[in-house]
Every structure is written in structure tokens, then in C-alpha cells.
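Enquirer: Residue numbers (UniProt numbering): 1 to 233.
#1: Closest to residue 151 by CA distance: which of 70, 49 and 125 is it?
#2: Curious, which full-length alpha helix (DSSP H) runs of at least 4 residues does the stretch 88–171 contain?
#3: Take the Cβ of residue 79 as the centre, count every other Cβ of all protein chains shown within 10 Å, and call the residue buried at 16 or more, exposed below.
#4: Please name the residue or residues paired with residue 23 in a DSSP beta bridge.
#5: How many Å lie between residue 14 and residue 90 at the Cα?
#6: My understanding is that residue 72 touches residue 143, with C-beta atoms under 8 Å, so please give their C-beta distance in whole angstroms.
#7: If you follow the alpha helix (DSSP H) that residue 66 is part of, which residue opens it and which one closes it?
#8: Closer than 7 Å by C-beta to residue 155: which residues in its own chain qualify, once you throw out the five before and the five after it? Chain order, please.
#9: Cβ atoms of residue 98 and residue 125: under 8 Å apart, would you say?
#10: Could you give the first and the last residue of the continuous alpha helix (DSSP H) run that contains residue 52?
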């Protein structure tokens, strides 16, 4: 709709049932037609695109696509994909998963790094499928495209929505329970069993305050009929 959010993170996504998700908190949003430079300190660190981490001031909507890719991975694993403790550590975390970007693949990134006297750590990429084994091949492909070092190579929101992952009837991947029983997820994905969801809780209605009877245990020697006592009118 002509805007980019600049602070996409799980806390800003509101689930309104299984088929409706709303985006919240547009305090940092900018219009696509607005002119850079933009502030270089936006987006929560774990979901911050590499060009923003390298202090680019001419970024645009691809930073939201990067954040959505990170969030999508977190939905599968129940933990952040790039949990950096600082901006530098965040880049290291990204390199540990995606591998060191080639200069020919992202020359602008190397220019940004050079202006900061920063050198990319030398890392070998890890196949996302090994980190997120419960994701379908289509999901892995979509996340890989969204988590591209070069912002110009990331899909737009419209292009992402046309991906085969979003086709009706698409298999999203086996459940965590299925994988745990089959291979224990190779101890790489551990669901948060200590925090049950509301859907796991059995909600029982409270007694009606207008009901004239209240269930109450009776003493053993009581001559009153068991089951209830009458409230005064």
C-alpha cells in the first residue's frame, strides 16, 4: 500500500483467528515515495536486515521482507533465527547461517562494511532445512529468497504472495510432534513445552450468580438433604 513498516517483529503481528493476521505499530513506518536518507537505527536487532546493520541510509521495503523471513523461521522453530547480542554479533549470527556473502553477490554490502572498517567473518552456509527440518521444501525456498543478503534480490511482498508456498492445499510440513517421535528433531528444535497455549487449556464456565443454589459439601451428621443449600431471597 505504498509504505514500509521498518519494525517488523512477532510482537507487532496480531493474530485474529487462524486466517487473519494484522500488522501493528506503525510508529516507524515511512512512505515508499519518501526520499532517503533514513535513520540507520530502526527495527528490532534480531529482525534487522544486514544493510541496516551496516548503517545504510538508503534502504527501503526489502528490510521488511528480511524481517518476515526471520519471523517465518521463528514460527517453525519457536526461537529466533539470528539472536545477536549486539549489532556486530547479529552480523556474525547471520553469517553463521547464511555464510559469508560474496563480494560479487553484494558489492554494496562490502562498500558499507568498508566504510565502517568491518570485515565479514568467513563462514560456510548452513542449509536451512537442517535448522528447520519441520518446514516444507516450499517454505525453505521462500525463506531462503527472503533472507538474501542483497536487498535488490529479495522478492517484493506481491512476489512473495505468489510463491507456491501460499497455494491452497499446500503442505506446510510435518508437525513438530511427528518429527520428535521419528527422530527427536536431532535435538535441534525443542518446542516450549513449559508454556501451554490457550488452546490447550480447558475453560470451564463460572457458576451463574443468579442461580439459587450453590453446591456445598455437607457434614457427615447433617440432617439437611445433600446437594445444595437455599440462598435467602
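The beta carbon of each residue, even a glycine, is placed where N, CA and C say it ideally should be.
Expert: Let's see:
#1: The residue you call residue 151 lines up with position 151 of the chain shown. Nearest C-alpha to residue 151: 49.
#2: 107–115, 128–131, 137–146 and 157–161
#3: Numbered from 1 along the chain shown, position 79 holds the residue referred to as residue 79. By the neighbour-count rule (16 or more Cβ atoms within 10 Å), residue 79 is not buried but exposed.
#4: Locating residue 23 in the chain shown gives position 23, counting from the first residue. Beta-bridge pairing links residue 23 to 13.
#5: Locating residue 14 in the chain shown gives position 14, counting from the first residue. Locating residue 90 in the chain shown gives position 90, counting from the first residue. Each residue's Cα considered, the two are about 26 Å apart.
#6: By 1-based counting over the chain shown, the position of residue 72 is 72. By 1-based counting over the chain shown, the position of residue 143 is 143. Sure, about 5 Å apart at Cβ, within 8 Å.
#7: Locating residue 66 in the chain shown gives position 66, counting from the first residue. Segment 62–77, the alpha helix (DSSP H) holding residue 66.
#8: For the purposes of this step, residue 155 is taken as residue 155 along the chain shown, with counting starting at 1. Only 65, 145 and 146 meet the Cβ criterion.
#9: The residue given as residue 125 occupies position 125 in the chain shown. The residue given as residue 98 occupies position 98 in the chain shown. Contact: yes.
#10: Here residue 52 refers to the residue found at position 52 of the chain shown. Segment 50–53, the alpha helix (DSSP H) holding residue 52.
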